[in-house]
Amino acid sequence: MGKARKEKRERKSKEEDEISAVEEMMKLRKKMEKMCKKMDALQSKVKLTDDDASHDPEAEKENGSSNIQTQKDTATPTDEKKDGKLAETDKDEDTEISKDEEWLNIIRDDPTVPKSMQMVVKPELTKIWTFYCREGMKAEEEKALMEKYASIPEFKTPILNPQIAATMKDAAKKRDAHMVTIQDISSLALSIAGSLITNIYENRHEGMDITDILEPLKDVGSLIAIQMNRQSANRKAFIEPGLSKETMELLKDTKIDEYLHGSDLSTKIKENKALTKES
1 MGKARKEKRE RKSKEEDEIS AVEEMMKLRK KMEKMCKKMD ALQSKVKLTD
51 DDASHDPEAE KENGSSNIQT QKDTATPTDE KKDGKLAETD KDEDTEISKD
101 EEWLNIIRDD PTVPKSMQMV VKPELTKIWT FYCREGMKAE EEKALMEKYA
151 SIPEFKTPIL NPQIAATMKD AAKKRDAHMV TIQDISSLAL SIAGSLITNI
201 YENRHEGMDI TDILEPLKDV GSLIAIQMNR QSANRKAFIE PGLSKETMEL
251 LKDTKIDEYL HGSDLSTKIK ENKALTKES
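Residue numbering for the sequence shown follows full-length UniProt numbering, beginning at 1 and increasing consecutively.
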């Protein structure tokens, strides 16, 4: 088992090296393309005369050195002038870029540009966690998940002082017990995440099996989704007692989606008003 895992790590390391080599080649290729573009730009600005077709081949052989020197002497002032213009153009462009950077540093970041990192989640995982957020997890599945890992003692839910518990009414005790279950979920999620971060760091040279990383991460996400569902139920419990009996009747069969009491609530209210008018 250990030998197979070692071979797997070696293959993974080899693949990473190959990927790095390919990335380096791509970088070099981009640099070469950039240099070629600059050379093309220079050639388009500096037009070289080509008089080879009008020269006598025999005369060129006899006076080759003098012709070369003459062409060099003739071309040099023009080339130097053009090279000077190119240098000035490059200098002007560098100065303009420098001024732009200085200006951007003065005005700081553009507040209209989003600074948050854009997240991408595979649709299959999104579907599972969305279900847990809105419907919750089956009791037996939740119990198995909670028993799969042990919480770090430092992250465990604080215990209610017995002196306070003795003075609390039953309704308050019930609410606190519900909050304890939510905190227990947070405790376990923190423990899994912390343990995973530690294991990845301690095995950074040897590497870890991808399953040993993704499975705990998936479980952390599932725990947070369960917690979301519990908190939605808490919000309903705080909101609904202050509503009228008619409104409470409408909310009885609503389900959580992107809205706490369902996105079709406005339709139900309109239908109820129509029925009231008819009666």
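Don't be surprised by glycine CBs; every beta carbon is placed ideally from N, CA and C.
Only a predicted model underlies this, so the values are computations on that prediction, with no experimental measurement involved.
For valine 121, which three-state DSSP category applies? Looking up residue 121 in the sequence shown gives position 121. Here valine 121 sits in coil by DSSP.
According to the Cβ coordinates, are serine 187 and serine 222 closer than 7 Å? Here residue 187 corresponds to residue number 187 of the sequence shown, with the count starting at 1. Here residue 222 corresponds to residue number 222 of the sequence shown, with the count starting at 1. No, the Cβ-Cβ distance between serine 187 and serine 222 is not below 7 Å.
Look at the alpha carbon of alanine 193 and the alpha carbon of asparagine 203, and state the distance between them as a whole number of angstroms. Taking the sequence shown and counting its residues from 1, one reaches residue 193 at position 193. Taking the sequence shown and counting its residues from 1, one reaches residue 203 at position 203. Looking at the two C-alpha atoms, the distance is approximately 15 Å.
What span of residues does the alpha helix (DSSP H) with serine 263 cover, start to end? Counting from 1 along the sequence shown, the entry for residue 263 is found at position 263. In this chain, serine 263 is not harboured by any alpha helix (DSSP H), its DSSP state being neither H nor E.
Please say whether glutamine 227 and isoleucine 185 have beta carbons closer to each other than 7 Å? Sequence index remark: in the sequence shown, residue 185 carries index 185 (1-based). Sequence index remark: in the sequence shown, residue 227 carries index 227 (1-based). In this structure, isoleucine 185 places its C-beta atom within 7 Å of the C-beta atom of glutamine 227.
In the DSSP assignment, find the alpha helix (DSSP H) that holds leucine 223 and state where it starts and stops. Taking the first residue of the sequence shown as 1, we reach residue 223 at position 223. Start and end: 210-239.
Looking at the secondary structure, which residues open and close the alpha helix (DSSP H) in which histidine 178 lies? Looking up residue 178 in the sequence shown gives position 178. Run containing histidine 178: 170-202, per the alpha helix (DSSP H) assignment.
Enclosing alpha helix (DSSP H) for lysine 143 [first to last residue]: The residue you call residue 143 lines up with position 143 of the sequence shown. Per DSSP, lysine 143 belongs to the alpha helix (DSSP H) from 139-148.
Cβ neighbours of methionine 137 in the same chain (closer than 6 Å, five flanking residues each side left out): The sequence position of residue 137 within the sequence shown is 137, counting from 1. Cβ within range, chain order: Ile226.
Could you have a look at isoleucine 106 and say whether DSSP puts it in helix, strand or coil? Residue mapping note: residue 106 aligns to position 106 of the sequence shown, counting from 1. Of the three classes helix, strand and coil, the one that applies to isoleucine 106 here is helix, per DSSP.
Residues near alanine 171 by beta carbon distance below 8 Å, same chain, minus five either side: Numbered from 1 along the sequence shown, position 171 holds the residue referred to as residue 171. Within the same chain, alanine 171 has no close Cβ partners at all.
Would the beta-carbon of serine 191 fall within 7 Å of that of phenylalanine 155? The residue you call residue 191 lines up with position 191 of the sequence shown. The residue you call residue 155 lines up with position 155 of the sequence shown. Taking 7 Å as the Cβ cut-off, serine 191 and phenylalanine 155 qualify as a contacting pair.
In three-state DSSP terms, what is alanine 274? Position 274 of the sequence shown, counting from 1, holds the residue named residue 274. Reduced to three states, the DSSP call for alanine 274 is helix.
Distance, Cα to Cα, lysine 273 vs leucine 250? Position 273 of the sequence shown, counting from 1, holds the residue named residue 273. Position 250 of the sequence shown, counting from 1, holds the residue named residue 250. The straight-line gap from Cα to Cα measures roughly 11 Å.
At the level of alpha carbons, what is the spacing between isoleucine 239 and alanine 21? Taking the sequence shown and counting its residues from 1, the one referred to as residue 239 is at position 239. Taking the sequence shown and counting its residues from 1, the one referred to as residue 21 is at position 21. Between isoleucine 239 and alanine 21, the alpha-carbon positions lie close to 59 Å from each other.
Beta-carbon proximity list for arginine 235, same chain, < 8 Å, skipping 5 on both sides: By one-based count along the sequence shown, residue 235 stands at place 235. Result list for arginine 235: Leu260, in chain order.
How is the alpha helix (DSSP H) around glutamate 249 delimited, first residue to last? Taking the first residue of the sequence shown as position 1, residue 249 is located at position 249. Per DSSP, glutamate 249 belongs to the alpha helix (DSSP H) from 245-251.
Is DSSP giving proline 162 helix, strand or coil here? Stepping through the sequence shown from its first residue, residue 162 is reached at position 162. Reduced to three states, the DSSP call for proline 162 is helix.
How would you call tyrosine 132, buried or exposed, if buried means at least 16 neighbouring beta carbons within 10 angstroms? Locating residue 132 in the sequence shown gives position 132, counting from the first residue. Tyrosine 132 is buried by the Cβ-count criterion.
From proline 153 to lysine 27, what does the alpha carbon distance come to, in whole angstroms? Looking up residue 153 in the sequence shown gives position 153. Looking up residue 27 in the sequence shown gives position 27. Roughly 49 Å separates the two Cα atoms.
Consult DSSP for threonine 151 and reduce its assignment to one of helix, strand or coil. Here residue 151 refers to the residue found at position 151 of the sequence shown. One point to set straight first is that residue 151 is serine, not threonine, in the sequence displayed. Serine 151 falls in the coil class under three-state DSSP.
So, for glutamate 142: in the same chain, excluding its five sequence neighbours on each side, which residues have a beta-carbon less than 7 Å away from its beta-carbon? Counting from one through the sequence shown, the residue named residue 142 turns up at place 142. Cβ within range, chain order: Ile226.
Going straight from the alpha carbon of lysine 270 to that of lysine 252, what length do you get? As a position in the sequence shown, residue 270 is number 270, starting the count at 1. As a position in the sequence shown, residue 252 is number 252, starting the count at 1. Roughly 16 Å between the two C-alpha positions.
With DSSP collapsed to three states, give me the class of aspartate 100. Here residue 100 refers to the residue found at position 100 when the sequence shown is read from its first residue. It is helical.
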